[in-house]
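Working notes, structure below.
Residue numbers (our numbering): 4 to 167.
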């Protein structure tokens, strides 16, 4: 027997991970209590919420999104609300299944988040409002937290169905 027969090696296709496009999918700015709220002298309170999403567009093409909602209040009245959704189109091919979810949930958001930070800060600044700069985010910690919550929910469902 020859080596070719005993060790048939398939030609390996290299993994593909490409960022094809980054775009601002949505951006809104609301000042529901203007102009009266501008007369207030108190420091505003800022609340930031972040969400990550993924959608398959084709067999090897995915859209990853990071959404930030910034709510700034004075005396429990909204000074302004900014919501921005930054998106990226990514091509992922020949990547092991166990690596796909972390790539889409950690690496892709890390790549598009700086664009979202800049767009949100720009919208706030252009509206001549007190600046808010979004801090760095540990998307790996967010991913691991979502994974743990999902596992807890599955366990609760399994325990609930085992009791019935």
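Just so it is clear, CB atoms sit at the ideal spot from N, CA and C, and this is done for glycine as well.
Under the DSSP assignment, residue 113 falls in the alpha helix (DSSP H) whose first and last residues are 111-129. Going by beta carbons, residue 69 and residue 40 fall outside the 8 Å limit. Residue ranges of uninterrupted beta strand (DSSP E) with 3 or more members, entirely inside the region 30-97 and ordered along the chain, are 48-61, 64-77 and 80-96.
Its chain contains 66 as the residues whose beta carbon lies nearer than 6 Å to that of residue 58, once the 5 sequence neighbours on both sides are disregarded; these appear in chain order. Here residue 76 is not near residue 28, since their CB atoms are 8 Å or more apart. In this chain, residue 99 is not harboured by any alpha helix (DSSP H), its DSSP state being neither H nor E.
When Cβ pairs closer than 8 Å are counted between the two stretches, the region 90-100 is seen not to touch the region 143-150, the count staying below three. In this structure, DSSP gives residue 15 a state outside helix and strand, which the three-state scheme calls coil.
Under DSSP, the beta-bridge partners assigned to residue 25 are 91.
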